[in-house]
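Numbering (the numbering used here), first residue to last: 359 to 524. Backbone N, C-alpha and C fix where the C-beta goes; we use that ideal spot for every residue, glycine too. Everything numeric in this text was worked out from a predicted model, so none of it was measured. One structure is given below, encoded as structure tokens.
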């Protein structure tokens, strides 16, 4: 008896769902063929542009020596490694923010071409894929051209990276 009630309840639920679905389709302008049980439904979806950046590795500090000051710049020995995931076919903007007061210019290597940035940082446009999600891993090298007031010492890592889809 209990099993029979469950079957009856399930059929009632399906009938109610079907009736509601047909009512919604009728209200939404779905086309139905006259004299048939066919319903044509058009579904559209909008995929929002999204880009993410994950830092895989980066130096924790920059060491400036007397030799670096005499030369006028310091090359960071280990690259910063980042993984970027992007679904925009227009590409993405890779943004560099700097908080170091010991430099007057930043040179970044590891992109399609070397990039020169101001002491505050800057942004670089990167192309997207033809469709779908693209995944890119970058190994970025940094050369900091030292300011006239730069002193020997160990400075906290000055760069922060972020990404914005285009």
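Hey, would you say residue 423 sits closer than 9 Å to residue 434, going by beta carbons? Position 65 of the chain shown, counted from the first residue, corresponds to residue 423. Position 76 of the chain shown, counted from the first residue, corresponds to residue 434. Not a contact, by the Cβ cut-off of 9 Å.
Measure the beta-carbon distance from residue 518 to residue 415 and round it to whole angstroms, keeping in mind my assumption that it falls under 8 Å. By 1-based counting over the chain shown, the position of residue 518 is 160. By 1-based counting over the chain shown, the position of residue 415 is 57. Contact doesn't hold; Cβ gap of about 15 Å is too wide.
Once DSSP output is grouped into helix, strand and coil, what is the label at residue 403? Start at 1 with the first residue of the chain shown, and residue 403 comes out as number 45. Here residue 403 sits in coil by DSSP.
Can you list, in chain order, the residues of its chain whose CB lies under 7 Å from that of residue 437, leaving out five sequence neighbours each side? Counting from one through the chain shown, the residue named residue 437 turns up at place 79. Non-local C-beta neighbours of residue 437 in its own chain, meaning closer than 7 Å and more than five positions away in sequence, comprise 468, 497, 498 and 499, ordered along the chain.
Same chain, Cβ closer than 7 Å to residue 514, neighbours up to 5 away in sequence not counted: The residue you call residue 514 lines up with position 156 of the chain shown. Excluding sequence neighbours, residue 514 sits near 419.
Residue 424 in three-state terms, based on DSSP: The residue labelled residue 424 in the question sits at position 66 within the chain shown. The answer is helix: DSSP assigns residue 424 an H, G or I state.
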